Amino acid sequence: MTERETVCRLALGEVQGLGNVKIRSLIAALGSAAAVFDNTADLRSICHNLPPEMPARLSDPALLNRAEAEVEWASKHGVDIIIDTDARYPSRLRECEDAPLLIFAKGNVELNPLRAVSIVGTRHATAYGRALCHEFVSALAGLCPGVLVVSGLAYGIDIEAHRAALDAGLPTVAVLAHGLDRLYPAVHRQTADRMMSDGGLLTEYRTGTNPDRQNFVCRNRIVAGLTDATIVVESAVRGGALITASLAMDYGRDCFAFPGRVGDEYSAGCNRFISDNRAGLIVSAEDFVKKMMWDNDITPGAARNVQRSLFVELTPDEQRVVDVLRDKGDMQLNDLVLATSMPVNMLSTIMFGLEMSGVVRVMAGNVYQLLP
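Counting in our numbering, the sequence shown runs from 383 upward without gaps.
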């Protein structure tokens with residue numbers, strides 16, 4: 383993607399009265415964000431539902447100037463701007479209808495790992511919750527090496543999840559509710575710095591954005607959308623962790639919670655979630671891995687470069703998919719779309735046929751694996 387396209391997408395996100403749905407509609411109609419700015423005079427004849435004032439707003443030179451300054455700042459500070467058509471964009475997040483048009487990322491992390499889990503909870507973590515978080519992540523690292531741990535860098539369970547992942551040698555990503563020109567809370571700077579080598583920071587917000595209350599609610603949808611499952615360690619009856627878990631369920635992702643002692647304030651939310659059948663009860667990493675069926679998965683990468691003879695007759699398109707999986711290893715459906723240049727509806731039909739023929743199997747996170 384060209385720098386101008388990135389600049390134009392950034393600029394579109396700043397236009398008052400344009401949400402993600404309208405922006406995506408405009409881009410689809412004209413072919414690119416750059417084309418939107420190249421054809422401002424004709425926009426209302428192309429997209430009839432645009433407000434009369436929209437062409438004038440898009441013609442404001444300050445829009446592109448601010449976007450260009452943002453791109454320049456990102457380049458100087460080692461921040462990647464990843465738009466939703468980029469192969470690096472998290473494919474799990476792309477599946478969510480309210481996914482951001484672009485994200486800002488800093489660090490060294492693979493945003494499309496084979497396995498990913500969000501760990502969230504109260505900001506008022508108890509000794510029980512902190513110990514449970516570390517025990518769980520440590521055991522998970524032994525069972526599923528390389529699993530990505532996602533949270534929000536907040537006080538309590540969030541920061542414990544990041545620290546536990548770092549201690550266990552797992553990559554970990556924090557989703558922030560503000561721009562990358564600051565860090566909130568600042569006392570977590572040391573942990574954030576540690577995350578740069580195997581993990582990092584991610585946000586949809588531009589520089590100058592404050593960590594306002596409403597941004598945390600929006601941030602939670604990204605925490606939920608980045609992963610295969612969300613785990614609530616501790617939570618009161620109301621709290622951001624339960625919002626994240628609810629969003630995960632809305633996205634069709636798995637949701638789990640650790641039970642706590644009856645009467646404990648910061649276990650009440652988990653206990654109710656489990657009681658209402660809104661989250662699966664887990665008591666250990668082994669329990670979680672079994673319920674996710676990750677214990678049946680071949681070790682990540684084991685399917686790479688597998689030499690095999692197929693005893694089923696493949697069509698040219700099926701063979702093309704098999705060749706990609708043999709060359710690149712386990713892949714999610716969206717990544718296969720990019721690798722094969724096939725339409726998603728066509729590829730979905732092909733993958734179903736290959737699965738029924740025993741050529742591939744589908745794992746957690748819509749990841750396809752070539753069977754030996």
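Quick reminder that beta carbons are idealized off the backbone N, C-alpha and C, glycines included. In this text the structure is predicted, and so the values were computed from the model without any measurement.
Helix, strand or coil for Cys637 per DSSP? Reading the sequence shown from its first residue, position 255 is the one you call residue 637. Three-state DSSP puts Cys637 in a strand.
What ranges does the beta strand (DSSP E) occupy inside the region 561-638, keeping only unbroken runs of at least 3 residues that lie completely in it? 581-585, 611-614
Through-space distance from Ser520 to Gly551, alpha-carbon basis: As a first step, residue 551 is located in the sequence shown; it is residue number 169 there, counting from the start. As a first step, residue 520 is located in the sequence shown; it is residue number 138 there, counting from the start. Cα-Cα distance, rounded: 9 Å.
When the Cα of Pro641 is compared with those of Ser457, Ile664, Val619, which residue comes out closest? In the sequence shown, the residue the question calls residue 641 occupies position 259. The shortest C-alpha separation from Pro641 is found at Ile664.
Candidates Asp712, Thr722, Gln596, of which the one nearest Pro754 by Cα: Here residue 754 is taken as the residue at index 372 of the sequence shown, counted from 1. Of the candidates Asp712, Thr722, Gln596, the one whose C-alpha sits nearest the C-alpha of Pro754 is Asp712.
So the alpha helix (DSSP H) Arg743 belongs to, where does it begin and stop? Here the question's residue 743 lines up with position 361 in the sequence shown. No alpha helix (DSSP H) contains Arg743, which is instead part of the beta strand (DSSP E) from 742-745.
Report the rounded CA-to-CA distance for Arg603 versus Val499, giving the unit in angstroms. By one-based count along the sequence shown, residue 603 stands at place 221. By one-based count along the sequence shown, residue 499 stands at place 117. One C-alpha to the other measures close to 14 Å.
Since Gln751 is in the beta strand (DSSP E), which residue starts that stretch and which ends it? Here residue 751 corresponds to residue number 369 of the sequence shown, with the count starting at 1. It spans 749-752 - the beta strand (DSSP E) in which Gln751 sits, taken as one unbroken run.
So the candidates are Val719, Glu737, Ala469; which of them puts its Cα closest to the Cα of Leu729? Here residue 729 refers to the residue found at position 347 when the sequence shown is read from its first residue. Of the candidates Val719, Glu737, Ala469, the one whose C-alpha sits nearest the C-alpha of Leu729 is Val719.
Are there 16 or more other CB atoms within 10 angstroms of the CB of His459, so buried, or fewer, so exposed? Working through the sequence shown from its first residue, we reach residue 459 at position 77. When all chains shown are included, His459 counts as exposed.
Buried versus exposed, by CB contacts within 10 Å (16 or more), Asn431: If you number the sequence shown from 1, residue 431 lands on position 49. That one is exposed.
Could you check how far apart the C-beta atoms of Leu530 and Leu558 are, in whole angstroms? I think they sit under 8 Å. Along the sequence shown, one-based indexing puts residue 530 at 148. Along the sequence shown, one-based indexing puts residue 558 at 176. 16 Å between Cβ atoms; not a contact.
Kindly indicate the opening and closing residues of the beta strand (DSSP E) around Ser533. Position 151 of the sequence shown holds residue 533. First-last of the beta strand (DSSP E) with Ser533: 530-533.
Starting from the Cα of Met377, find the closest Cα among Val619, Thr609, Gly621, Asn727 and give me that residue. The first residue shown for the chain is 383 and the last is 754, placing residue 377 beyond what the model contains.
Per DSSP, which residues does Ser500 bridge with? Please list them. Within the sequence shown, the letter at position 118 stands for residue 500. Paired residues: Val532, Thr612.
Give the DSSP-derived three-state secondary structure of Thr340 in the structure shown. Since the first residue shown for the chain is 383 and the last is 754, residue 340 is missing from the structure and cannot be characterised.
I need the straight-line Cα distance from Val397 to Leu584, nearest angstrom please. Position 15 of the sequence shown, counted from the start, is the residue given in the question as residue 397. Position 202 of the sequence shown, counted from the start, is the residue given in the question as residue 584. Approximately 22 Å between the Cα atoms of the pair.
Along the chain, where does the alpha helix (DSSP H) containing Gly524 start, and where does it finish? Along the sequence shown, one-based indexing puts residue 524 at 142. Taken as a continuous stretch (DSSP letters only), the alpha helix (DSSP H) holding Gly524 covers 509-525.
Just verifying my parser: in three-state terms, what is the DSSP assignment at Ala556? In the sequence shown, counting from the first residue as 1, residue 556 sits at position 174. Strand.
When the Cα atoms are used, what is the spatial distance from Pro495 to Ala523? To locate residue 495, count along the sequence shown from 1; it is residue 113. To locate residue 523, count along the sequence shown from 1; it is residue 141. The straight-line gap from Cα to Cα measures roughly 14 Å.
Cβ-Cβ distance between Gly607 and Arg474 below 9 Å: By one-based count along the sequence shown, residue 607 stands at place 225. By one-based count along the sequence shown, residue 474 stands at place 92. Contact: yes.
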